[in-house]
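Just below is one structure, and these are the notes that go with it.
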Amino acid sequence: MKFINYLQSITGISIFPLIALIIFTVFFTAMLIYVFAMDKNTVARISHIPLEDNLPSSSFNDPLL
Amino acid sequence: METQTIYYDNKIVRNFAFATALWGVVGMLVGLYAALQMVWPQLSFDFAPTTFGRLRPLHTNAVIFAFVGNGIFMGVYYSLQRLCKARMWSDLASKVHFWGWQAIIVAAAVTLLAGFTTGKEYAELEWPIDIAITLIWVVFGLNMMMTIVKRKEHVIYVAIWFYIATWITVAMLHIVNSFEYPIALFKSYSYYAGVQDALVQWWYGHNAVAFFLTTPYLGLMYYFLPKAANRPIYSYRLSIIHFWALIFLYIWAGPHHLLYTSLPDWAQSWVVFSIMLIAPSWGGMINGLFTLRGAWDKVKEDPVLKFMVVAVTAYGMATLEGPLLSLKNVNAIAHFTDWIVAHVHVGGLGWNGFLTFGILYWLIPRIFGTQMYSKKLMNAHFWIGTLGILFYAIPLYWAGFTQSLMWKSFTADGIIQYRFLETVTNIVPMYALRALGGLMYLSGALIMVYNIFRTVKTGVLVANEAAHVPVALPREVSGTREHWHRWIEKRPVQMLVASLVIVAIGGIIELVPTFLIQSNVPTIAAVKPYSA
Ligand code: HEM
Ligand code: HEM
């Protein structure tokens, strides 16, 4: 028997690819929107985390940043 | 802000650092021995443990799980504490992890040489060792997650995401692939058969490459490259895209190892994901290299950066080559030939090896409160190592093309022109050059071991390094823009679950259809499989 027959025996299989596509489109679109909307200072602050072993860079109200 | 003094555990970092150097030399020595046998087969001395069939898995297990494995742990234990501004959660867990992993390595070496194997590539170890790996992996994961939980820094830096995704994915791969029926202390049969077995094996095998040789090392790159260059990563935005796109695509890529096999065509078509992988991979390489923009004068001066630049470049080469190899027409040339072995070692020697060396050179003097003993020797290592990679790879590309052409030559009557042995003897000179390349690369590693040995003697281990961190996790000022991704950036467990969901969806969609086909596994009533 052709493989397709086995797939067809799963109830509601036809919706699977659609669900998968929607999940991933939503996920990646949301990610891209988020990434490009990220606040510039936040980005700068986060990327400095590895450079500081000691005092945390965590205070968002840090006037230096 | 109220601060307190805590101490980072450098002893565990040192232990893993020494282990990676030691096993690196051992693993490469075995590789060199195997390479020499391809020139002088009599070197097997007709003694079973020193034959190619036993040395080869010993080499791959040693370099992947002992050399790169300890390299991962060294880098994770160093960077995680500093990124979290917290000591590792439990010193005991760190110790158990370290000694457990070394015991597994020794057990692996002994059993492989004694001829015990499951026959599954990169998963050759028999079931008792599989169980031990699972337990030690859990100890590592627990130690890591608890450290993240008790951190004194809001944001979980991108390097840690790579560690988390690595941990959960390797756990999933190892457990699913290791389903087996034990029939004796050192003999088991895989739960899977036929095309299922092939698909599960390469879903695992490929992702052993992706989630053991690649994602953890990318995490290390995102920490140690900025550190060594003393400048932030080129684009943090790009690193977020890099992360999600990579773990989403990688998990699907297994079938590119099974092109032209009896794996059904529809399953082979997953290779589109392998081709798409070029995008995030090069995104990562560019992110690494651009971090050094405007600092190339520094690169010329600093051997650590030189090692890292070659490592990231080799990553770029291997990930350009990989998607090409996934194209069916290219794979028709390359598969079964030494081209694949060249591809593997551009990744292994260039990317994993050189990044490990760069990190060792950066980290050893720091935890020993001193300077590297000799910069000259570092440069010598760099050059002999780089030449070693070239001497390793170029002859094998040549050999690969030669093999492919010879295998496909027909006489006018349509008969295969060359006997197989002729295609082998024809490329023996290439194998000799490859062995020379391996010897050079190994010599470089030995120079490093000597240099580190001298360095360590001039310094004293700062076993507990003081750091000033806030008493409580500082509150974020309200009003900063909150995004859903910011939400996840602060929640390690949710991050772990999200990563698992992404890779599990990929795995399930890829594997489940073959489980549904009963006809894949023909059974004969009279035959009782899997009994001793
Ligand atoms: C975008 C990334 C990559 C893709 C799409 C890719 C693709 C491939 C393909 C198509 C093969 C050949 C399968 C065959 O015909 O037998 C292969 C083999 C291999 N690659 Fe890659 N590759 C990538 C990156 C890497 C990197 C960075 C490394 C190492 C650090 C690596 C290590 C390996 C290994 C070890 C094998 C041999 C597996 C075996 O047959 O034992 N690959 N890869
Ligand atoms: C001195 C350095 C090294 C030498 C001389 C060497 C030599 C070899 C040889 C002779 C083989 C068998 C090839 C065959 O079956 O035709 C091999 C396979 C392999 N080596 Fe190495 N190796 C070295 C370093 C490394 C490193 C550092 C890594 C990874 C981090 C690595 C990963 C592998 C892998 C994954 C395979 C299996 C390839 C496949 O299945 O296609 N090797 N190596």
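Chains as they are written, first to last, in our numbering: chain C, 1 to 65; chain H, 66 to 597. Backbone N, C-alpha and C fix where the C-beta goes; we use that ideal spot for every residue, glycine too.
| Query | Result |
| --- | --- |
| Given that a residue counts as buried once 16 or more other Cβ atoms are within 10 Å of its Cβ, and exposed if not, what is H:A399? | buried |
| In chain C, which residues lie less than 9 Å from H:N295 when you measure between Cβ atoms? | L51 |
| Listed from N- to C-terminal order along the chain, which residues in the region 232 to 255 of chain H have their beta-carbon within a distance smaller than 8 Å of any beta-carbon of chain C? | none |
| Expressed to the nearest angstrom, what Euclidean distance is found between the alpha-carbon atoms of H:N126 and H:T68? | 45 Å |
| Going by other Cβ atoms of all chains shown within 10 Å of its Cβ, with 16 needed for buried, is H:W88 buried or exposed? | buried |
| Below 7 Å on C-beta distance, what does C:I46 contact in chain H? | V220, Y222, Y301 |
| Just to confirm, does H:N417 get its C-beta within under 7 Å of one of the non-hydrogen atoms of ligand 1? | yes |
| Among H:N208, H:L390, H:F422, H:R121, whose alpha-carbon lies nearest the alpha-carbon of H:A318? | H:L390 |
| Near H:N516, which residues of its chain fall below 6 Å by C-beta distance, leaving aside the five closest residues on each side in sequence? | Y438, S439, L442 |
| At a CB-CB cut-off below 7 Å, which residues of chain H make contact with C:V43? | Y301, R302 |
| What did DSSP end up calling H:F181 once you bin it into helix, strand or coil? | coil |
| In whole angstroms, what is the alpha-carbon distance linking H:W361 and H:L157? | 43 Å |
| Tell me, to the nearest whole angstrom, how far the beta carbon of H:A174 is from that of H:L123; I am working on the premise that it is less than 8 Å. | 6 Å |
| In chain C, which residues lie with their C-beta within 9 Å of the C-beta of H:I305? | M31, Y34, V35, M38 |
| Return helix, strand or coil for H:N491, following the three-state DSSP convention. | coil |
| Give me the chain C residues within the contact set of H:Y438, using Cβ-Cβ distance strictly less than 7 Å, ordered along the chain. | By Cβ distance, chain C contributes nothing, its closest Cβ being about 24 Å from H:Y438, past 7 Å. |
| Can you confirm whether the region 199 to 216 of chain H touches the region 252 to 263 of chain H when touching is taken to mean that 3 or more C-beta pairs between the two stretches lie within less than 8 Å? | no |
| Along chain C, in chain order, which residues have C-beta atoms closer than 9 Å to that of H:R358? | Ordered by position in chain C, no residue passes the 9 Å Cβ test against H:R358, which lies about 14 Å from the chain. |
| I'd like to know if H:P291 contacts chain C, where contact means its C-beta is closer than 8 Å to some C-beta of that chain. | yes |
| Looking at C-alpha atoms only, which residue of H:R216, H:H322, H:L526 is the closest neighbour of H:L428? | H:L526 |
| Of the residues H:L328, H:H307, H:S327, H:L414, which one's Cα is nearest the Cα of H:L455? | H:L414 |
| Name the one or two DSSP bridge partners that H:F475 has. | H:I481 |
| CA-CA distance, H:Q107 and H:L565? | 48 Å |
| For H:T545 and C:T42, I'd like the C-alpha separation in whole angstroms. | Low confidence applies here, because H:T545 scores a pLDDT of 49, under 50, leaving its location unreliable; read the following figure in that light. H:T545 and C:T42: Cα-Cα distance of roughly 9 Å. |
| If you draw a straight line from the C-alpha of H:L311 to the C-alpha of H:I305, how long is it? | 10 Å |
| At a cut-off of 7 Å, is H:G655 close to ligand 1 when judged by its beta-carbon and the heavy atoms of the ligand? | The structure shown does not extend to residue 655 of chain H, since chain H spans only 66 to 597, so no value can be given for it. |
| Note down the Cα distance separating H:S543 from H:H219, rounded to an integer number of angstroms. | Annotation note: pLDDT 45 at H:S543 (below 50); position unreliable, no value reported. |
| Would the C-beta of H:L97 count as close to ligand 2, meaning under 7 Å from any of its heavy atoms? | yes |
| Which residues in chain C sit within 8 Å of H:W427, going by Cβ to Cβ distance? | Per Cβ cutoff of 8 Å: no residues; H:W427 is ~12 Å from chain C at best. |
| Should H:W268 be labelled buried (16 or more other beta-carbon atoms within 10 Å of its own) or exposed? | buried |
| Is the CB of H:Y288 under 8 Å away from at least one CB in chain C? | yes |
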